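Working notes, structure below.
2 protein chains.
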Amino acid sequence: MKLDEYLSDTRSRFETHLQHSFQHSPSEQLKNAIHYSLLDGGKRLRPALVRAAALACGQSNQHWLIPASAIEMVHVYSLIHDDLPAMDNDDLRRGKPTNHKAFDEATAILAGDALQTEAFLQIAQATEFNDQQVRRMLTALTKASGGQGMVGGQMLDILAEETSITLEQLQHIHRLKTGALIQASLAIGALCKEDVTDSVLQQLEVYGDAIGLAFQITDDVLDVTSTTEVLGKPQGSDAEAQKTTYVTLLGLSGAKQQAHFQHQRALSALTDMGLNETSLLWQLADYILYRDH
Amino acid sequence: MKLDEYLSDTRSRFETHLQHSFQHSPSEQLKNAIHYSLLDGGKRLRPALVRAAALACGQSNQHWLIPASAIEMVHVYSLIHDDLPAMDNDDLRRGKPTNHKAFDEATAILAGDALQTEAFLQIAQATEFNDQQVRRMLTALTKASGGQGMVGGQMLDILAEETSITLEQLQHIHRLKTGALIQASLAIGALCKEDVTDSVLQQLEVYGDAIGLAFQITDDVLDVTSTTEVLGKPQGSDAEAQKTTYVTLLGLSGAKQQAHFQHQRALSALTDMGLNETSLLWQLADYILYRDH
Numbered sequence: 064m065k066l067d068e069y070l071s072d073t074r075s076r077f078e079t080h081l082q083h084s085f086q087h088s089p090s091e092q093l094k095n096a097i098h099y100s101l102l103d104g105g106k107r108l109r110p111a112l113v114r115a116a117a118l119a120c121g122q123s124n125q126h127w128l129i130p131a132s133a134i135e136m137v138h139v140y141s142l143i144h145d146d147l148p149a150m151d152n153d154d155l156r157r158g159k160p161t162n163h164k165a166f167d168e169a170t171a172i173l174a175g176d177a178l179q180t181e182a183f184l185q186i187a188q189a190t191e192f193n194d195q196q197v198r199r200m201l202t203a204l205t206k207a208s209g210g211q212g213m214v215g216g217q218m219l220d221i222l223a224e225e226t227s228i229t230l231e232q233l234q235h236i237h238r239l240k241t242g243a244l245i246q247a248s249l250a251i252g253a254l255c256k257e258d259v260t261d262s263v264l265q266q267l268e269v270y271g272d273a274i275g276l277a278f279q280i281t282d283d284v285l286d287v288t289s290t291t292e293v294l295g296k297p298q299g300s301d302a303e304a305q306k307t308t309y310v311t312l313l314g315l316s317g318a319k320q321q322a323h324f325q326h327q328r329a330l331s332a333l334t335d336m337g338l339n340e341t342s343l344l345w346q347l348a349d350y351i352l353y354r355d356h
Numbered sequence: 064m065k066l067d068e069y070l071s072d073t074r075s076r077f078e079t080h081l082q083h084s085f086q087h088s089p090s091e092q093l094k095n096a097i098h099y100s101l102l103d104g105g106k107r108l109r110p111a112l113v114r115a116a117a118l119a120c121g122q123s124n125q126h127w128l129i130p131a132s133a134i135e136m137v138h139v140y141s142l143i144h145d146d147l148p149a150m151d152n153d154d155l156r157r158g159k160p161t162n163h164k165a166f167d168e169a170t171a172i173l174a175g176d177a178l179q180t181e182a183f184l185q186i187a188q189a190t191e192f193n194d195q196q197v198r199r200m201l202t203a204l205t206k207a208s209g210g211q212g213m214v215g216g217q218m219l220d221i222l223a224e225e226t227s228i229t230l231e232q233l234q235h236i237h238r239l240k241t242g243a244l245i246q247a248s249l250a251i252g253a254l255c256k257e258d259v260t261d262s263v264l265q266q267l268e269v270y271g272d273a274i275g276l277a278f279q280i281t282d283d284v285l286d287v288t289s290t291t292e293v294l295g296k297p298q299g300s301d302a303e304a305q306k307t308t309y310v311t312l313l314g315l316s317g318a319k320q321q322a323h324f325q326h327q328r329a330l331s332a333l334t335d336m337g338l339n340e341t342s343l344l345w346q347l348a349d350y351i352l353y354r355d356h
């Protein structure tokens with residue numbers, strides 16, 4: 064399948080599935096606030112990774128939908144909380160008012176909290192998985208998203224705003240803040256297949272680490288080379304915020320070189336995996352490197 | 064065992080266990096903020112319920128410690144977020160600055176987020192439980208704490224501040240906001256025993272519902288009848304905030320009568336359970352009704 068077609072097919076199946084979430088919410092306002100951010104479109108990169116990993120491991124049914132929802136719920140909760148006045152204080156996301164602007168801060172905090180919990184509940188209740196799969200998925204997802212992963216990275220990122228950091232520290236922050244959840248997407252996708260081997264899981268970890276870093280480096284490059292129109296957010300905003308990025312640390316060509324290096328690392332891991340159906344994972348690695356926004 | 068002795072023994076074992084949490088946090092600040100609220104003392108009622116339910120089901124080893132940590136982490140995360148300026152805007156808790164006052168709002172939001180995730184991670188990784196126990200515990204805990212439970216109740220409570228509500232609505236809010244987590248404490252305690260029966264779990268649900276309501280009604284009564292010194296918070300604060308309470312809806316003697324009715328319901332459920340070791344659950348029901356703060 065071509066990547067464009069795959070991404071749009073994944074998005075449409077996925078969004079239909081999400082619309083049925085939170086039907087049992089005791090509060091309409093809470094449900095509306097959650098759906099406002101959850102059904103807001105976006106690239107749905109993490110769900111596409113979940114499904115591609117499941118396919119690579121030979122699981123071609125619809126079992127990927129629940130882990131994909133779960134990972135997207137964790138991602139969306141982190142965006143809602145990151146946008147809050149006490150954090151990044153953003154008024155707009157994808158051209159629409161952020162959650163706390165469309166509703167209010169208390170509702171946004173609770174919507175994020177409830178999304179996090181629901182991610183884990185969905186997996187715990189998924190009848191298509193046995194108890195061991197559920198436990199392994201929940202271990203991967205909670206490890207990646209909590210204090211040892213995404214939330215820890217967000218904390219370090221906030222603290223780093225006031226200081227200058229090294230390349231090693233920058234990579235550490237990105238590995239936690241965005242890389243861990245990308246790795247978890249692949250792990251829970253692969254775990255849709257009951258008998259996935261440890262060796263495949265390990266190679267997917269390397270692939271995920273590499274595309275996670277390539278994704279972030281490309282983000283930093285695009286902030287310098289793209290335009291505000293194409294990016295959908297102000298070009299040059301990193302420089303304006305005096306943020307340490309791969310470009311400030313390595314220069315533009317050094318950063319591009321590093322992105323290509325990570326891209327190669329990702330492809331090597333795919334080769335080492337020795338699976339047949341890795342074409343979508345190849346295309347996703349290319350997409351992450353060559354995208355324009 | 065006498066209740067006083069049991070509570071203090073539970074507290075001391077539990078707090079030693081908690082001190083070892085978050086050792087792998089990549090950020091000292093995040094760990095410090097989490098420990099600040101998590102090791103802050105408190106009654107540790109939920110951990111005491113977890114352990115008492117495990118004992119009632121015949122599980123007398125230390126297996127209760129991890130589910131007890133998990134439920135307390137969920138409880139403490141909810142307190143940190145509830146205290147935020149956008150929510151209840153409280154500067155003090157148990158006589159100490161609240162988390163966002165001792166640190167800052169961003170750190171408090173992230174500390175709450177990380178505590179929630181860690182609760183589920185601890186259970187997912189607990190080697191003392193089999194995969195089915197882990198799945199059942201996580202289902203109970205996520206259902207009780209998310210949008211269908213505690214967070215949903217918190218949302219309804221905030222929305223109710225601006226309106227007058229009926230007794231039915233008040234009970235609905237309390238069942239979600241505090242009752243669900245009390246019920247989950249008992250469920251995950253009972254699930255420490257691999258072969259706990261559905262009938263015991265159902266009776267514990269009734270017991271939990273009844274003591275949850277008795278707890279809240281007693282809170283409302285004490286706000287009128289106790290003193291600021293004994294309560295550790297301003298007496299009469301509900302009336303000042305013009306909150307709908309059991310006392311405003313039923314009068315003082317009506318509220319006391321309702322608390323006694325729920326207490327009786329709890330004791331009947333214990334009798335129906337047909338277990339031998341329910342003496343601590345009896346004493347805990349009494350404690351909830353007859354406490355002075």
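Residue numbers (the numbering used here), protein chains in the order written: chain A, 64 to 356; chain B, 64 to 356. The beta-carbon is built from N, C-alpha and C at its ideal position, and this holds for glycine as well. These numbers were taken from a predicted model, which means no experiment stands behind them.
Just to make sure I have the definition right: I need the residues of chain A whose C-beta is within less than 7 Å of the C-beta of residue i. Which are they?
i	result
Ile221 (chain B)	Ala169
Arg198 (chain B)	Ala187, Asp194, Val197, Arg198
Leu93 (chain B)	Gly210, Gly215, Met218
Gln279 (chain B)	What Gln279 (chain B) touches in chain A: nothing, since even the nearest Cβ is about 17 Å away.
Ala332 (chain B)	The contacting residues do not exist; Ala332 (chain B) stays about 24 Å from chain A at best.
By the criterion of Cβ-Cβ separation under 8 Å, what are the contact partners of residue i in chain B?
i	result
Phe85 (chain A)	Gly210
Phe183 (chain A)	Phe183, Leu201, Thr205
Rounded to whole angstroms, what is the Cα-Cα separation between residue i and residue j?
i	j	result
Asp153 (chain B)	Asn95 (chain A)	27 Å
Gly275 (chain A)	Thr241 (chain A)	7 Å
Ala243 (chain B)	Gly175 (chain B)	19 Å
Ala250 (chain B)	Asp194 (chain B)	16 Å
Ala322 (chain A)	Leu294 (chain A)	19 Å
Phe166 (chain A)	Leu81 (chain A)	20 Å
Ala187 (chain A)	Leu313 (chain A)	44 Å
Leu204 (chain A)	Ala318 (chain B)	45 Å
His235 (chain A)	Gly216 (chain A)	8 Å
Gly209 (chain A)	Ser316 (chain B)	47 Å
Met218 (chain A)	Phe278 (chain A)	20 Å
Arg74 (chain A)	Leu330 (chain B)	52 Å
Leu341 (chain B)	Pro160 (chain A)	The identity of residue 341 (chain B) in the sequence shown is Thr, whereas the question assumes Leu. One C-alpha to the other measures close to 53 Å.
Ala177 (chain B)	Arg199 (chain B)	22 Å
Ala119 (chain B)	Leu338 (chain B)	7 Å
Glu303 (chain A)	Arg114 (chain A)	37 Å
Find the residues of chain A that neighbour residue i, judging by a C-beta separation of less than 8 Å, and give them in chain order.
i	result
Ser25 (chain B)	Residue 25 (chain B) is absent from the model: chain B starts at 64 and stops at 356.
Ile172 (chain B)	His144, Leu147, Ala149, Met150, Ile172
Leu239 (chain B)	Pro89
Thr226 (chain B)	The premise fails here: Thr226 (chain B) is roughly 13 Å from chain A at the closest Cβ pair, so nothing lies under 8 Å.
Among the options, which one has its Cα closest to the Cα of residue i?
i	options	result
Ala247 (chain B)	B:His237, B:Thr260, B:Glu91, B:Gly271	B:Gly271
Leu66 (chain A)	A:Leu101, A:Arg107, A:Gln86	A:Arg107
Thr226 (chain A)	A:Gln305, A:Gly104, A:Asp103, A:Thr341	A:Gln305
Gln122 (chain B)	B:Glu135, B:His356, B:Phe192	B:Phe192
Ser300 (chain A)	A:Gln320, A:Asp151, A:Asp103	A:Asp151
Thr291 (chain B)	B:Leu93, B:Gly158, B:Val310, B:Thr308	B:Gly158
Gln327 (chain A)	A:Trp345, A:Val310, A:Asp282	A:Trp345
Quick test of your reading: residue i and residue j, contact by CB under 8 Å. State the CB separation rounded to the nearest angstrom.
i	j	result
Arg156 (chain A)	Leu173 (chain A)	Actually they are not in contact, since the Cβ atoms of Arg156 (chain A) and Leu173 (chain A) sit about 18 Å apart, beyond 8 Å.
Ala133 (chain B)	Ala253 (chain B)	About 14 Å; that fails the 8 Å criterion.
Gln185 (chain B)	Ile97 (chain B)	That pair is no contact at about 13 Å.
Ala332 (chain A)	Val269 (chain A)	4 Å
Gln179 (chain B)	Thr180 (chain A)	7 Å
Per DSSP, what kind of secondary structure is residue i in: helix, strand or coil?
i	result
Lys296 (chain B)	coil
Arg156 (chain B)	strand
Gly210 (chain A)	coil
His83 (chain B)	coil
Asn162 (chain B)	helix
Thr260 (chain A)	coil
Asn193 (chain A)	coil
Ser248 (chain B)	helix
Arg114 (chain A)	helix
Thr229 (chain A)	coil
Thr308 (chain A)	coil
Pro130 (chain A)	helix
Glu224 (chain A)	coil
Ala332 (chain A)	helix
Ser123 (chain A)	coil
Quick one: list the residues of chain A neighbouring residue i, beta-carbon separation under 9 Å, in chain order.
i	result
Gln82 (chain B)	None at all; the shortest Cβ gap to chain A is about 16 Å.
Given that residue i touches chain B, what residues does it touch there, using C-beta distances under 9 Å?
i	result
Asp261 (chain A)	By Cβ distance, chain B contributes nothing, its closest Cβ being about 17 Å from Asp261 (chain A), past 9 Å.
Gln246 (chain A)	Chain B residues near Gln246 (chain A): none, gap ~15 Å exceeds 9 Å.
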